[in-house]
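Number 48 in the UniProt record's numbering belongs to position 48 of the sequence shown; there are no gaps in the numbering.
From the three backbone atoms N, C-alpha and C, an ideal C-beta is built for every residue, glycine too.
What follows is one structure encoded as structure tokens, with my remarks underneath.
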Amino acid sequence: MKFRLTMIHLQKITICLFILACFFAELQAEEVEQGTYTDLTNALQNPSKVRVLNLSFQKLSTLPKEIGELQNLQTLDLFDNKLTVLPKEILQLQNLQRLDLSHNQLTILPKEIGQLQNLQELNLTGNRLKTLPKEIGFLKKLEILRLYQNEFSSEEKESIQKLLPKCKIDFRDIY
């Protein structure tokens, strides 16, 4: 009888240890991902804490004006949505360093894009762009610009390269 009691206690202790291990692993994951959000509603509840917002694959056709409240946002990932235009409020994100607008339905980029002075990486792959505003040249910190799977003419590609001579621009066409 004592042996059976001991086995039950060992099983309970093992289960408790497993629960504790899971709890601590979850705490560590929260610390690593602090400031990262995948839900806009939650992000807007703590706008000053948001550093990364990943809204990929959300089937978004528009972004709310409140996106401009995320003043400390550094990375905005809007990959594979249905966006046709960007709200002007996105241009209030002065700390934005990385913007992924790939695989949407953008036909035009607002000229105010040049106001995002801290932008280092811009991905516009897989849209319907034929031209970029000349204000793109104001992005002096831009290091990487991905433009493939769009509809740029040879002349437009040359023009973009002249506007951003220090930027790595990727025009490759993949079908």
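Nearest-angstrom Cα separation, counted from residue j out to residue i
i	j	result
Leu93	Thr107	22 Å
Leu40	Gln58	10 Å
Gln105	Ile67	19 Å
Leu70	His103	23 Å
Glu151	Asp100	18 Å
Leu145	Leu55	20 Å
Lys134	Ser154	16 Å
Gly137	Gln120	13 Å
Cys22	Glu158	Low local confidence applies: a pLDDT of 49 at Cys22 is under 50, so the model's placement there is unreliable, and no value is given.
Gly35	Glu156	38 Å
Lys162	Ile169	11 Å
Thr125	Ser48	29 Å
Glu112	Thr75	18 Å
Gln115	Glu89	11 Å
Leu91	Pro165	23 Å
Asn123	Ala43	22 Å
Tyr37	Pro64	16 Å
Arg98	Cys167	14 Å
Nearest residue (CA-CA) to residue i, options the options
i	options	result
Leu96	Lys134, Gln149, Val50, Ser154	Val50
Lys82	Arg98, Ile169, Leu99, Thr62	Thr62
Leu73	Arg172, Asn46, Leu163	Asn46
Arg128	Gln149, Leu139, Gln117	Gln149
Thr131	Ile160, Leu122, Asn123	Ile160
Leu60	Ala43, Asn42, Thr84	Thr84
Integer-rounded CB distance, given that residue j should sit under 8 Å from residue i
i	j	result
Pro110	Leu86	6 Å
Asp77	Leu53	7 Å
Phe171	Leu147	5 Å
### beta strand (DSSP E) runs wholly inside the UniProt domain "Disease resistance R13L4/SHOC-2-like LRR" (42–162), at least 3 long, in chain order
52–54, 75–77, 98–100, 121–123, 144–146
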